[in-house]
Amino acid sequence: MHHRRKLMLRRRRYSGYSSRYRRRRVSVSAVFRFILIVLLIGVIGYCAVTVYRAFRSSAYIAELESQNKTLQATVDRYQAALPDPSIADSIEPMDYQTLYPEMKVDPKPTPAAAPENTVYLTFDGGPSQNTVTILDALKNAGQKATFFVVGKNIAGNEAIVKRIVDEGHTIGIRSYSNDYNAIYASPEAFLEDFHQAYQAVYDACGVYPAVFRFPGGSVSPYNQANYEQLIAEMLRRGFIYYDWSVSAGDDTSASRTITQITQAVLNGLSKKSSSTPVVLLHDGANKTSTATACANLLSELSRAGYTCDRLTGSVRPVTFAYNR
């Protein structure tokens, strides 16, 4: 009896040891599985991050390649519009090419890409008293802009034209008469109008403009019959023309609020449709709302990280596409 009791106690003790041993084995196995799961999640996460970064890098590279192709296409178009130097001397010039031989830019500029986060505000239709308001806003903000003037508006506003130049902005030509039908009637008509504005600007400020904007844009319903001739001739003379990639929407007769004008520009810039953001605004006598909005616009552009600069012949142009 006593021997049987000892045997039973021994079995219970062994059974307890075995149970604890099994629990310990289960616990170690669970920890090992947990570590494997954590490692697996880490590997999957690392792979996902790597794939995401590769996708972002590919998208960024694709965007840069697209911008480069656009810039190269602009350069190719400019070069194609210029006459071949090897045969130019043997070709009889067109009659209009002999007009106003002094009206040219020498030496011809070499455009380059715009600096990052630079915006080019351009004002069409002045000079007027609204131009003064805009100049005040630019001066207070320490920013620069470009003014494509209408020659017939210079008389009586010569001091404004001179102030544009004296304060470090760019003076350019839009036209003299602003009469689209007359301007685009022929290459001769275009050059005559341009020459009038060219001389009027010089008489007012002592500077001959080197940049200009085609009234209505370089390719429009108004000049579809001869825009290729006009573009080629102006490039031959060394002038650089600029269309636009962003519009403030102030070209209509309807008055727009400060908020509408500012938001239109910011929305246009956010689309990044061009590597050279050229903004179309107006400073004619009836564009008081634009002049009033200018201070707020400059403030918002600065808040968004943009710097406003002037166009020169060294800034790669924004031009509307056309087929030769």
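Count along the sequence shown starting at 1, add 25, and that's the number in the working numbering. Think of the CB as a built atom: it goes at the ideal place given N, C-alpha and C, for glycine as much as any other residue.
Take the Cβ of G181 as the centre, count every other Cβ of all protein chains shown within 10 Å, and call the residue buried at 16 or more, exposed below.
-> Classification for G181: exposed.
Excluding the five sequence neighbours on either side, which residues of its own chain have a C-beta within less than 7 Å of the C-beta of L306, listed in chain order?
-> Excluding residues within five positions, the ones whose Cβ falls inside 7 Å are L146, T147, F148, A273, D275, T315.
Those residues which DSSP pairs with F172 across a bridge | DSSP, once it has assigned bridges, lists F148, I196 as partnering F172.
Pairwise C-alpha distance: F264 and D334 | One C-alpha to the other measures close to 19 Å.
From the DSSP output, in three-state form, read off S211 for me.
-> Coil.
A289 by DSSP, collapsed to three states: which one?
-> Here A289 sits in helix by DSSP.
Do you know offhand how far Y125's Cα is from P240's?
-> Taken atom to atom, the span from the alpha-carbon of Y125 to that of P240 is near 20 Å.
Go to E305, then tell me how far its alpha helix (DSSP H) extends in each direction, as first and last residue.
-> Correcting the residue identity first, residue 305 is Leu in this sequence and not Glu. Per DSSP, L305 belongs to no alpha helix (DSSP H); it is in the beta strand (DSSP E), 303 to 307.
What's the C-alpha gap between A310 and P342?
-> The alpha-carbon atoms of A310 and P342 are separated by roughly 27 Å.
Between I66, D120, I69, I60, which lies nearest to E258 when the distance is taken from Cα to Cα?
-> Relative to E258, the option among I66, D120, I69, I60 whose CA is nearest is D120.
Are N203 and T332 touching if we call contact CB-CB under 8 Å?
-> Not in contact: N203 and T332 (Cβ atoms no closer than 8 Å).
From R328, S300, V130, G231, residue whose alpha carbon lies closest to that of P140 = Relative to the Cα of P140, the nearest Cα in the group R328, S300, V130, G231 belongs to S300.
Can you name the residues that DSSP bridges to I283?
-> Residue pairing by DSSP leaves I283 without any beta bridge partner.
Since L255 is in the alpha helix (DSSP H), which residue starts that stretch and which ends it?
-> Per DSSP, L255 belongs to the alpha helix (DSSP H) from 252 to 261.
Residues of its chain near A166, where Cβ-Cβ distance is below 6 Å and the 5 sequence neighbours each way are ignored = Cβ neighbours of A166 within its own chain (closer than 6 Å, five residues either side excluded): L323.
Applying the criterion that 16 or more other CB atoms from any shown protein chain within 10 Å of the CB defines a buried residue, is P132 buried or exposed?
-> Exposed, because fewer than 16 other Cβ atoms sit within 10 Å of the Cβ of P132.
Per DSSP, what kind of secondary structure is V271 in: helix, strand or coil?
-> Correct three-state label for V271: strand.
So I179 is in the alpha helix (DSSP H); what residue range does that whole segment cover?
-> Run containing I179: none; DSSP gives neither H nor E here.
Which residues mark the beginning and the end of the alpha helix (DSSP H) in which A184 is found?
-> Boundaries of the alpha helix (DSSP H) harbouring A184: 183 to 191, taken from the DSSP string.
So which of C319, K297, W269 has the shortest CA-CA distance to K164?
-> Closest in C-alpha terms to K164, from the list C319, K297, W269, comes C319.
Straight-line gap, P212 to A329 (C-alpha atoms, nearest Å) | Spanning the two alpha carbons is a distance of roughly 42 Å.
Kindly give me the distance between the Cβ atoms of V226 and V186, rounded to whole angstroms, as I take these residues to be in contact under 8 Å.
-> At roughly 6 Å, the Cβ-Cβ gap stays under 8 Å, so V226 and V186 are in contact.
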